[in-house]
Amino acid sequence: MMKALIDRLRKETVLSKEEYVLLLSHITPELSEYLFQQARTVREQWYGKDVYIRGLIEFTNCCKNDCYYCGIRCSNHQAQRYRLSEEEILSCCESGYALGFRTFVLQGGEDPFFTCQRMTSLIRRIRQQFPDCALTLSVGEKSREEYQAYFDAGADRYLLRHETANDSHYRKLHPETMSPENRKRCLRDLKEIGFQTGCGFMVGSPGQTVENLAEDLLFVKKLQPHMVGIGPFIAQHDTPFRDQPNGTLEITLFLLGLLRLTLPSVLLPSTTALGTIHSRGRELGILAGANVVMPNLSPSSVRKKYLLYDNKICTGDEAAECRSCLERRMEAIGYHVVVSRGDYPTIKTK
Ligand code: 5AD
Ligand code: FES
């Protein structure tokens with residue numbers, strides 16, 4: 004009985020690989036609704052109806068990597084490359100602050116222009132100008148020394164999706180220059196240095212099996228990250244995976260529910276990719292157990308250039324529009340966007 008497995012997951016916060024596979028192969032609307040109810044209860048024990056917002060600043064789409072799924076891979080000569088200046092980034096933070104954001108996420112490709120020195124000087128300036136805000140970085144694989152320098156300069160959090168926990172699947176998604184070992188080394192280093200660390204994976208990426216997804220759940224259980232970012236794979240028309248099918252809403256939501264029960268207090272975003280495959284995708288993600296949304300703070304002029312996948316939403320809107328749109332969407336389902344750093348909880352409040 005699948006519901007009994009969900010009950011046990013809620014109680015024990017982990018299942019075996021075979022049991023996760025069983026659940027993932029028996030998804031029905033009824034089972035999903037049962038899972039989401041449990042996930043919402045656990046989410047509300049930790050976070051109530053609060054939804055944390057993160058202001059995402061996509062500050063460079065230049066990247067030296069060539070991931071087969073990604074629209075800003077270096078081999079995509081159709082991509083119009085851009086970099087924001089330090090001043091432009093600070094002005095995004097200023098308008099974000101006025102809109103109530105207390106976390107800024109600097110996300111970019113692995114851009115060699117942003118050397119350790121340029122990154123740390125940027126981090127110090129943001130830290131100095133916004134002392135009450137959290138600063139999250141998402142700029143890929145670096146040496147431990149470089150991560151330490153970012154941390155010492157004042158960055159608090161780091162997002163680096165592992166993409167898939169299965170090594171042979173990882174190699175099917177990336178060229179030989181990238182290794183699953185280095186990816187995992189980065190995540191270990193980030194945690195040891197003291198970052199609030201986020202990993203994550205794409206759902207429905209080419210070649211992925213339900214066994215792989217079960218391995219992802221066991222990987223996150225073992226890593227114990229503070230955040231887990233997941234979203235459906237969405238084909239981008241100028242990549243080698245252009246003809247591959249997209250990940251589904253149904254499986255992505257189910258995984259959000261399983262993640263909430265597996266890591267009860269985790270920070271779990273309802274992602275832009277989820278909002279892209281369904282007009283109410285982000286609301287449905289919150290109702291499946293997610294508690295974070297990450298609207299775009301990038302200047303409108305560059306938004307249409309940070310296209311990791313096709314049909315990305317919010318590429319034309321102003322930051323203020325996304326902020327109020329999300330607030331309305333969350334209120335409509337009984338949740339509330341809050342003005343706060345939204346840190347990982349250290350003690351249970353309820
Ligand atoms: N579809 C969905 N997600 C993607 N990402 C990159 N390319 C795609 C795509 N085609 C995700 C990766 C990466 C994050 C920034 O965006 O998981 O870590
Ligand atoms: Fe961007 Fe709705 S969140 S317009």
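Under the numbering used here, residues 4 to 353 are what the sequence shown spells out, in order. Note that the Cβ used here is the ideal one computed from N, Cα and C, for glycine as well.
| Asked | Found |
| --- | --- |
| Residues that DSSP places opposite Asn299 in a beta bridge | Leu59 |
| Start and end residues, beta strand (DSSP E) containing Gly234 | Met230 to Pro235 |
| Which of helix, strand or coil DSSP assigns to Cys202 | strand |
| Spatially closest choice to Asp159 from Phe133, His177 and Pro183, by CA coordinates | Phe133 |
| Status (buried if at least 16 other CB within 10 Å, exposed otherwise) for Val342 | exposed |
| Near ligand 2: Glu330 beta-carbon under 6 Å from a heavy atom | no |
| Cβ neighbour criterion (16 or more within 10 Å) applied to Lys6 | exposed |
| Any heavy atom of ligand 1 nearer than 6 Å to the CB - residues listed | Tyr72, Cys73, Arg164, Glu166, Met205, Gly234, Phe236, Ile237, Gln239, Ala276, Leu311 and Tyr312 |
| Cβ pair Ala291, Leu266 closer than 7 Å | no |
| Beta strand (DSSP E) runs wholly inside the stretch 142-193, at least 3 long, in chain order | 160-162 |
| Supposed close pair Ser301, Ile60 - CB separation, criterion 8 Å | 6 Å |
| Glu324 CB to nearest heavy atom of ligand 4 below 6 Å | This structure simply doesn't include ligand 4; it includes ligand 1 and ligand 2 instead. |
| Stretch-stretch touch, CB-based, cutoff 8 Å, three pairs: the stretch 134-146 with the stretch 170-180 | no |
| Close Cβ partners of Gln255 (< 7 Å) along its chain, the five nearest in sequence each way excluded | According to the sequence displayed, residue 255 carries Thr and not Gln. Cβ within range, chain order: Val206, Ile233, Gly234, Pro235 and Leu277. |
| Three or more C-beta pairs below 8 Å linking the stretch 47-65 and the stretch 23-30 | no |
| Proximity of Leu140 and Leu163 at Cβ, strictly below 7 Å | no |
| Limits of the unbroken beta strand (DSSP E) element including Leu109 | Thr106 to Gly111 |
| Proximity test, Thr317 beta-carbon vs ligand 2 heavy atom, cut-off 6 Å | Residue 317 is actually Cys in this sequence, not Thr. Checking every heavy atom of ligand 2 against the Cβ of Cys317, one is found closer than 6 Å. |
| Through-space distance from Asp170 to Tyr153, alpha-carbon basis | 28 Å |
| Helix, strand or coil at Thr123 according to DSSP, with G and I counted as helix | helix |
| Buried/exposed call for Ser28, threshold 16 Cβ in 10 Å | exposed |
| Other residues of its chain near Met333: CB distance less than 8 Å, five sequence neighbours each side excluded | Val54, Glu286, Ile289, Val296, His339 and Val340 |
| DSSP state of Leu34 mapped onto helix, strand, coil | helix |
| Beta-carbon proximity of Leu262 to Val231, cut-off 7 Å | yes |
| Lys67 versus Ala238: straight-line alpha-carbon distance, rounded | 20 Å |
| Spatial distance of His229 from Gln131 (CA atoms) | 25 Å |
| Sub-7 Å separation of Tyr347 and Leu270 beta-carbons | yes |
| Cross-strand partners of Arg86 (DSSP beta bridge) | Thr63 |
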